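Residue numbers (this note's numbering), protein chains in the order written: chain A, 893 to 1010; chain B, 893 to 1010.
C-beta: ideal position from N, C-alpha, C; glycine also.
Model, not experiment: these values are computed from the prediction.
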DNA sequence: TCGGTGCACCACTCCTCGGTAGTACAATGG
DNA sequence: CCATTGTACTACCGAGGAGTGGTGCACCGA
């Protein structure tokens, strides 16, 4: 409803861009980073301590998110502070969660109908 | 805003599920298939003719989408008709398109400010 | 029986992910 | 002023998974 002007034959380059965007978000480590940044901006060290993993790996994932324009980077002396730049990712996550919940509900209904005993 | 009951420390299994969901959608071929199915349900043959690619590949991608609960499968005589089962994917695409558009706008503004002549 | 449609298995290729090593920059102490 | 420390980024490498194409098979209708 926000931008309904997407023609049904989606132009090819746009397809690639959309796929890339989904791929960027479709990583557990990056989702954890975004979830941590949701509360407040944080430096790389803080994020390493929050989500676990090596500093290089976290830095790399942050670079991916920054290149995709999802997070912003700000130098603070010797540290770098990252913050959410595109809050729409949380709306995306909530939509996905809704889909997962619906799917779980359907699955549960099927189990109930089939009979819980196997 | 739909399901705000996602705690900030997202439980680990949910992170994996969300990432998997995004990954399923984050493929150009599957996006094309979903875009084709947006108009009306179609059989594998029709989809092969619409999006291009081998029949096996299309069938496999449809299997992935079906397993993820995004499309539904209905036997119709000798053919199988696929249809959208979770319309929220289009909302996802529109959100992503909005983010891409915003990013392009920002980039254009930067170019305008810096001076077009590099 | 024959033709068509869709699926399952297989091997190949490519991309992504994580780890390691090395480098640049700022702050601090002598 | 120079050396040291801490922080963050980049480059390279190996392992693993996902995507792609090919072959063969099962199913359904004519």
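List the endpoints of the continuous beta strand (DSSP E) containing residue 964 of chain A. 963-968
I want to verify the contact list: residues of chain A whose CB lies under 8 Å from the CB of residue 987 of chain B, in sequence order. 894, 980, 983, 984 and 987
Does DSSP put residue 902 of chain B in a helix, in a strand, or in coil? coil
Proximal residues, the stretch 941-966 of chain B versus chain A, C-beta separation under 7 Å: 961
Name the chain A residues whose beta carbon is nearer than 8 Å to that of residue 932 of chain B? The premise fails here: residue 932 of chain B is roughly 10 Å from chain A at the closest Cβ pair, so nothing lies under 8 Å.
Hey, out of B/904, B/910 and B/945, whose CA is closest to residue 924 of chain B's CA? B/945
Short CB-CB distance (under 8 Å) between residue 1010 of chain B and chain A: For residue 1010 of chain B, the predicted structure reports a pLDDT of 49, less than 50, and the residue's modelled location is therefore unreliable. A value from the coordinates is still provided. No, no contact with chain A.
Within chain B, the residues that residue 919 of chain A reaches when beta carbons sit closer than 7 Å: 911
Just checking my contact of residue 943 of chain B with residue 954 of chain B at CB under 8 Å: how many whole Å lie between their CB atoms? Not a contact, Cβ separation roughly 11 Å.
Per DSSP, which one or two residues make a beta bridge with residue 971 of chain B? B/968
Short CB-CB distance (under 8 Å) between residue 976 of chain A and chain B: no
Does DSSP put residue 911 of chain A in a helix, in a strand, or in coil? helix
Which value, in whole angstroms, describes the spacing of the CA atoms of residue 940 of chain B and residue 909 of chain A? 22 Å
How close, in whole Å, do the beta carbons of residue 930 of chain B and residue 976 of chain B come, if the pair is a contact with beta carbons under 8 Å? 7 Å
By the three-class DSSP mapping on this structure, what secondary structure does residue 960 of chain B have? coil
Is residue 907 of chain B near residue 935 of chain B, with beta carbons less than 8 Å apart? no
When you compare only the Cα positions, how much space is there between residue 1001 of chain A and residue 967 of chain A? 51 Å
Would residue 927 of chain B count as contacting chain A if we go by Cβ distances under 8 Å? yes
If we ignore side chains and look at the alpha-carbon of each, how far apart do residue 920 of chain B and residue 969 of chain B end up? 30 Å
Pick from B/904, B/937, B/933 and B/949 that is closest to residue 922 of chain B, judged by C-alpha positions: B/949
As a quick exercise: from B/932, B/965 and B/999, pick the residue whose alpha carbon is nearest that of residue 901 of chain A. B/932
Within 10 angstroms of the Cβ of residue 911 of chain B, are there 16 or more other Cβ atoms? Answer buried if so, exposed if not. buried
Rounded to whole angstroms, what's the CA-CA distance from residue 981 of chain A to residue 995 of chain B? Just pull it up for me. 13 Å
Under the rule that 16 or more other beta-carbon atoms within 10 Å means buried, what is residue 960 of chain B, buried or exposed? buried
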